[in-house]
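Note that the protein sequences, when read in sequence, are chains U, X and V. For the first sequence, the working numbering assigns the number 31 to the initial residue and increments by one for each residue that follows. For the second sequence, the working numbering assigns the number 601 to the initial residue and increments by one for each residue that follows. For the third sequence, the working numbering assigns the number 32 to the initial residue and increments by one for each residue that follows. Backbone N, C-alpha and C fix where the C-beta goes; we use that ideal spot for every residue, glycine too. Notes follow the structure.
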Amino acid sequence: MKAPKRKIKPEKRTKPKLAVIKFTSCDGCQLSLLDAEDALLDVADAVEIAYFVEARDRRLPGPYDVTLVEGSISMPEHIEQIQEIREQSKFLIAIGACATAGGIQALRNWRNVDDFVRMVYAHPEYIDTLETSTPISEYVQVDFELRGCPINKHQLLDVVTSLLIGKQPRTPTYSVCMECKRRGTPCVMVSKGVPCLGPVTQAGCNAICPSVNRGCFGCYGPMEAPNTESLGQHLLDIGAAPGEVVRLFRNFSGYAEDFRLASDAFEEMMA
Amino acid sequence: MLNTMTTPTAPVPHPGPMLTFPARILEIKEEAYAIATYQIAFESEAVRKTYRFRPGQFNMLYLPGIGEVPISMSSDPAESEVIGHTIRYAGNVTRAISRLQTGDVIGVRGPYGSYWPMERLIGDDLCIVTGGIGLAPLRPVIYHVLRHREQYGRVYLLYGARTPKDMLYTDEYEAWKQQGIQILLTVDRADPSWRGNVGVVPMLFYQLRLDPKKTAVLTCGPEIMIHFVIYEALARRISKERIYVSMERNMKCGVGLCGHCQFGPAFVCKEGPVFAYAAIEPFFGVEEF
Amino acid sequence: MPELTPTIGAFVSIEKGRLQNVMDALKAAGYTLVGPTLDEGAIVYDEIEGVADLPRGWTDRQEPASYRLQRREDDAYFGYVVGPHSWKKFLLPPRRTLMRVVKKEGAFVVVDEEEPAPRYAFIGVRGCEMQAIHIQDRVFLGGPYQDPGYRARRQQAFVLAVNCTEPGGTCFCASMGTGPEVGLGYDLALTELDDIFIVEIGSELGATMMRETDWRPAGAFELQQARDALAEARRNMGRQLDTTDLPNLLYKNLEHARWDQVADRCLSCGNCTMVCPTCFCQDVLDVSDLKGETFERVWVWDSCFSIDYSHVHGGNIRPHTRARYRQWLTHKFASWIDQFGVIGCVGCGRCITWCPVGIDVTEEIDAIRGEV
Numbered sequence: 031m032k033a034p035k036r037k038i039k040p041e042k043r044t045k046p047k048l049a050v051i052k053f054t055s056c057d058g059c060q061l062s063l064l065d066a067e068d069a070l071l072d073v074a075d076a077v078e079i080a081y082f083v084e085a086r087d088r089r090l091p092g093p094y095d096v097t098l099v100e101g102s103i104s105m106p107e108h109i110e111q112i113q114e115i116r117e118q119s120k121f122l123i124a125i126g127a128c129a130t131a132g133g134i135q136a137l138r139n140w141r142n143v144d145d146f147v148r149m150v151y152a153h154p155e156y157i158d159t160l161e162t163s164t165p166i167s168e169y170v171q172v173d174f175e176l177r178g179c180p181i182n183k184h185q186l187l188d189v190v191t192s193l194l195i196g197k198q199p200r201t202p203t204y205s206v207c208m209e210c211k212r213r214g215t216p217c218v219m220v221s222k223g224v225p226c227l228g229p230v231t232q233a234g235c236n237a238i239c240p241s242v243n244r245g246c247f248g249c250y251g252p253m254e255a256p257n258t259e260s261l262g263q264h265l266l267d268i269g270a271a272p273g274e275v276v277r278l279f280r281n282f283s284g285y286a287e288d289f290r291l292a293s294d295a296f297e298e299m300m301a
Numbered sequence: 601m602l603n604t605m606t607t608p609t610a611p612v613p614h615p616g617p618m619l620t621f622p623a624r625i626l627e628i629k630e631e632a633y634a635i636a637t638y639q640i641a642f643e644s645e646a647v648r649k650t651y652r653f654r655p656g657q658f659n660m661l662y663l664p665g666i667g668e669v670p671i672s673m674s675s676d677p678a679e680s681e682v683i684g685h686t687i688r689y690a691g692n693v694t695r696a697i698s699r700l701q702t703g704d705v706i707g708v709r710g711p712y713g714s715y716w717p718m719e720r721l722i723g724d725d726l727c728i729v730t731g732g733i734g735l736a737p738l739r740p741v742i743y744h745v746l747r748h749r750e751q752y753g754r755v756y757l758l759y760g761a762r763t764p765k766d767m768l769y770t771d772e773y774e775a776w777k778q779q780g781i782q783i784l785l786t787v788d789r790a791d792p793s794w795r796g797n798v799g800v801v802p803m804l805f806y807q808l809r810l811d812p813k814k815t816a817v818l819t820c821g822p823e824i825m826i827h828f829v830i831y832e833a834l835a836r837r838i839s840k841e842r843i844y845v846s847m848e849r850n851m852k853c854g855v856g857l858c859g860h861c862q863f864g865p866a867f868v869c870k871e872g873p874v875f876a877y878a879a880i881e882p883f884f885g886v887e888e889f
Numbered sequence: 032m033p034e035l036t037p038t039i040g041a042f043v044s045i046e047k048g049r050l051q052n053v054m055d056a057l058k059a060a061g062y063t064l065v066g067p068t069l070d071e072g073a074i075v076y077d078e079i080e081g082v083a084d085l086p087r088g089w090t091d092r093q094e095p096a097s098y099r100l101q102r103r104e105d106d107a108y109f110g111y112v113v114g115p116h117s118w119k120k121f122l123l124p125p126r127r128t129l130m131r132v133v134k135k136e137g138a139f140v141v142v143d144e145e146e147p148a149p150r151y152a153f154i155g156v157r158g159c160e161m162q163a164i165h166i167q168d169r170v171f172l173g174g175p176y177q178d179p180g181y182r183a184r185r186q187q188a189f190v191l192a193v194n195c196t197e198p199g200g201t202c203f204c205a206s207m208g209t210g211p212e213v214g215l216g217y218d219l220a221l222t223e224l225d226d227i228f229i230v231e232i233g234s235e236l237g238a239t240m241m242r243e244t245d246w247r248p249a250g251a252f253e254l255q256q257a258r259d260a261l262a263e264a265r266r267n268m269g270r271q272l273d274t275t276d277l278p279n280l281l282y283k284n285l286e287h288a289r290w291d292q293v294a295d296r297c298l299s300c301g302n303c304t305m306v307c308p309t310c311f312c313q314d315v316l317d318v319s320d321l322k323g324e325t326f327e328r329v330w331v332w333d334s335c336f337s338i339d340y341s342h343v344h345g346g347n348i349r350p351h352t353r354a355r356y357r358q359w360l361t362h363k364f365a366s367w368i369d370q371f372g373v374i375g376c377v378g379c380g381r382c383i384t385w386c387p388v389g390i391d392v393t394e395e396i397d398a399i400r401g402e403v
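Set out below in structure tokens:
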């Protein structure tokens with residue numbers, strides 16, 4: 031009946047190589063990885079951290095098995111760099127609102143960037159920047175997107191673990207409300223009239239903001255098939271000004287398509 | 601405190617319906633592109649000796665950290681110490697299973713769900729209609745018929761696959777035919793070697809003369825195929841009560857506790873996967889139901 | 032009358048402050064008290080120490096998509112209805128580990144099962160909620176496969192129920208036949224009058240917990256006052272629902288235009304299912320350590336409003352909100368009866384209050400019935 035037991039081979043495989051790269055961003059998502067503390071030691075044990083400037087000086091050349099890319103594409107040289115990184119990476123994960131939606135700096139996509147440059151810099155002629163700040167997926171194929179501003183370290187570890195044990199990473203695409211209700215926070219919108227994007231925003235943060243009495247500001251970007259029109263209309267019904275609704279959608283993940291269309295639509299309504 | 605008047609209780613306290621049992625892979629046989637049959641046996645002799653399944657039922661196969669997946673048994677129910685599962689590598693769990701080898705251990709719990717009503721069908725002609733991997737949960741029916749050939753009348757197998765290479769269990773067809781199972785095959789796309797039918801499975805009905813009073817239809821496959829099989833069967837005056845359908849829904853727990861596999865009034869993991877068409881008629885074909 | 036226990040079925044009367052004695056008796060018997068208490072802007076269910084933690088003198092004003100706390104003019108202990116939490120939070124925790132698995136020599140062993148359950152005493156279970164517990168009993172204990180964790184927590188739970196004398200704005204328990212008076216299954220049931228609680232003794236255990244309390248048999252006028260208050264509550268329901276032949280009504284209207292209309296408003300956020308005291312759907316998560324050596328299987332509350340819920344090979348059964356809302360409503364009011372012999376809604380109104388855009392099930396069903 032019994033088949034011969036499979037011989038257990040001594041583990042002698044090389045560790046997968048991990049790279050962490052950044053473009054236009056605040057480094058907060060990389061900090062989430064450093065913030066993983068105990069688990070970080072396990073990560074360092076399980077993978078070879080080949081390139082992670084935030085953490086160490088050593089920079090090993092590619093190719094990399096897994097590359098985490100933080101930040102948006104906002105400068106001309108980024109375009110070539112991200113293509114090079116893509117070529118060097120087996121599995122490329124965009125991490126954070128900048129890399130997945132263009133970030134807060136994508137607010138400039140609604141305006142003329144030259145106006146900003148003139149406003150901010152004494153010598154605007156030294157500044158070479160793109161018209162827009164856009165997600166990594168605008169330029170290269172992305173294998174997985176980890177949302178949030180910043181990303182959630184548990185989700186990050188979950189994704190890394192999935193790849194290590196041979197599983198396609200998956201994170202929930204349903205609403206923040208699911209996590210908010212699981213942790214038992216009374217809805218801030220229903221019980222206090224605080225405008226909240228939770229019902230149209232993707233879960234993953236464990237609903238932090240409502241738990242400290244603030245409305246969700248959508249940093250994880252749109253959930254699966256969000257009904258932004260209905261929520262936006264409801265916010266107007268409970269007394270929010272149209273401009274407030276526009277600002278709510280046009281935030282850290284404001285350039286993500288569903289939020290972008292929503293803020294444009296409510297802006298049009300104001301006009 | 602539980603109120604005994606209103607709270608139903610089970611006769612025996614169950615140790616935990618999600619508890620999985622280690623089982624070893626004894627043999628892996630490639631059947632077609634990205635489809636293989638895994639013969640497994642429970643590690644525990646006690647479990648191995650008591651485990652029984654009926655044609656059409658499924659097990660939950662488990663890989664630690666990856667997850668669980670419902671897979672129908674495809675082997676002979678009379679030999680339940682070694683259980684066959686024909687698996688298509690499609691999702692996370694099945695793709696991880698594809699990396700396993702003979703001798704590896706997986707978790708198994710079951711059997712779950714309803715079954716093809718072989719006792720009720722005694723004396724009937726059977727018309728088995730299926731496509732692709734849908735033959736897997738019907739192969740135990742064929743094995744059962746072969747063991748009890750005298751109990752059933754004429755038996756037809758109408759089977760289709762995308763290409764001749766995608767057909768399952770082709771090395772067994774000859775043996776089945778010899779025991780009087782009439783096999784009609786069709787493919788969506790022929791290759792140079794193919795001499796048979798080209799087209800969809802339900803068209804094969806036109807090559808048969810079925811006795812509506814004696815015939816039962818057993819079908820499993822994509823919902824759209826089932827739809828047309830039902831149409832053809834009803835057109836031949838086979839009653840709704842005698843058309844049996846195996847349905848697919850998202851079966852996560854297998855024991856009716858997680859809710860995911862609902863299909864109208866039924867939990868597919870409990871009342872299904874095998875239904876008499878008469879029972880599901882009001883809901884079958886309702887879009888996105 | 033100390034040292035005496037009242038008989039089962041008896042109605043007794045206690046001074047309101049004496050409720051603390053009952054709670055002390057429960058604590059002395061090893062129970063963890065959970066009951067209504069004030070959190071940020073809402074009355075939630077959480078661990079309490081005694082009567083001081085109850086939201087005394089507070090009430091809630093509830094309408095579709097709106098819940099507001101208000102001071103009462105009196106200092107009633109139970110002068111509010113149900114909030115965002117329900118008892119399923121304790122009987123069916125939102126996240127629990129079902130088993131732990133450790134890899135060992137090419138195979139694996141199941142090393143642990145669910146954690147032992149605390150003994151809860153539920154303080155302030157309303158009629159709708161008592162029925163919700165009975166409904167989940169049928170789901171988790173009524174079939175051939177039972178949930179052992181649920182069973183353990185449920186069997187040990189003590190129920191101190193409260194009859195509702197002031198229904199809320201989204202309540203319709205009278206239509207569903209679940210309130211305002213609590214049905215069977217409690218150990219003790221309170222009716223709050225101006226100065227006293229009338230306590231009905233529902234079980235031997237309930238009677239025992241009254242031993243340390245200074246009680247007396249309830250007077251005829253007191254009982255009449257309680258009956259009047261409940262009758263008044265029945266007349267003042269915030270909402271109503273015609274429950275006539277609901278299964279056929281819904282099954283015959285699976286293609287009704289109303290499903291499209293409600294889908295325009297529905298956010299598919301899942302709030303209604305999370306706050307519903309009978310919704311029981313759960314997802315199984317597989318958790319692994321980085322080394323791939325130890326694993327957990329974790330159950331979390333899930334919702335039929337998430338797209339992944341209906342995942343099958345090659346896609347999802349219900350990609351559109353229309354189909355997901357229809358699934359939820361037809362399950363609750365029709366197929367639940369086929370599955371568990373009882374309607375899945377208890378009329379508590381939570382799904383109406385806590386829907387961020389105020390979708391009202393009673394209105395939706397009326398519309399399908401053609402009465403709007």
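Using the Cα positions of residue i and residue j, report the straight-line distance between them to the nearest angstrom.
i        : j        : result
Leu735/X : Cys861/X : 21 Å
Cys869/X : Arg296/V : 33 Å
Gly262/U : Arg212/U : 24 Å
Gln135/U : Ser163/U : 6 Å
Thr609/X : Glu253/V : Per-residue confidence for Thr609/X stands at a pLDDT of 34, beneath the threshold of 50, marking its modelled position as unreliable; no derived number is given.
Thr393/V : Gly401/V : 12 Å
Thr786/X : Leu818/X : 17 Å
Asp771/X : Gln639/X : 17 Å
Phe247/U : Gln177/V : 41 Å
Thr606/X : Val190/V : Only weak support is given to the placement of Thr606/X: the predicted model assigns it a pLDDT of 32, under 50, and the value that follows is read from those uncertain coordinates. C-alpha separation (whole angstroms): 15 Å.
Gln111/U : Glu84/U  : 18 Å
Please name the residue in the options whose C-alpha comes closest to that of residue i.
i        : options                                : result
Leu63/U  : Pro180/U, Trp140/U, Ile166/U, Gly133/U : Pro180/U
Gln93/V  : Val156/V, Gly72/V, Asp77/V, Gly210/V   : Gly72/V
Val50/U  : Glu67/U, Gly101/U, Met208/U, Ala69/U   : Gly101/U
Glu114/U : Cys226/U, Ala131/U, Pro91/U            : Pro91/U
Trp776/X : Gly859/X, Leu810/X, His748/X, Val647/X : His748/X
Gly133/U : Thr203/U, Ile157/U, Cys59/U, Ala85/U   : Cys59/U
Quick one, are the C-beta atoms of residue i and residue j less than 8 Å apart?
i        : j        : result
Arg270/V : Thr196/V : no
Gly753/X : Lys814/X : yes
Ser714/X : Val845/X : no
Is the Cβ of residue i closer than 8 Å to any Cβ of chain U?
i        : result
Cys297/V : yes
His342/V : no
Thr384/V : yes
Would residue i pass as an interface residue toward chain X - the criterion being a Cβ-Cβ separation below 8 Å?
i        : result
Gln198/U : yes
Val138/V : Checking the sequence, you will find Ala at residue 138/V rather than Val. Yes, Ala138/V counts as interfacial toward chain X.
Ile79/U  : no
Leu129/V : yes
Looking at the C-beta of residue i, does it have a partner C-beta in chain V at a distance below 8 Å?
i        : result
Gly214/U : yes
Below 7 Å, is the gap between the Cβ of residue i and the nearest heavy atom of the ligand SAH?
i        : result
Met803/X : As presented, the structure is devoid of all ligands, the ligand SAH included, so that no description of it is given.
For this session: Mind the definition here: the segment 311–324 of chain V touches the segment 267–274 of chain U only if three or more C-beta pairs lie below 8 Å; say whether that holds.
Result: No contact exists between the segment 311–324 of chain V and the segment 267–274 of chain U.
Exercise. Does the segment 366–382 of chain V come within contact of the segment 254–261 of chain V, defined as at least 3 CB pairs closer than 8 Å?
Worked result: No: fewer than three Cβ pairs fall under 8 Å.
For this session: Could you tell me whether the segment 242–251 of chain V touches the segment 211–218 of chain V, where touching means 3 or more Cβ pairs closer than 8 Å?
Result: No contact exists between the segment 242–251 of chain V and the segment 211–218 of chain V.
For this session: Would you check if there are 3 or more beta carbon pairs closer than 8 Å linking the segment 203–211 of chain V to the segment 272–287 of chain V?
Result: Taking 8 Å as the limit for Cβ pairs, the verdict is that the segment 272–287 of chain V does touch the segment 203–211 of chain V.
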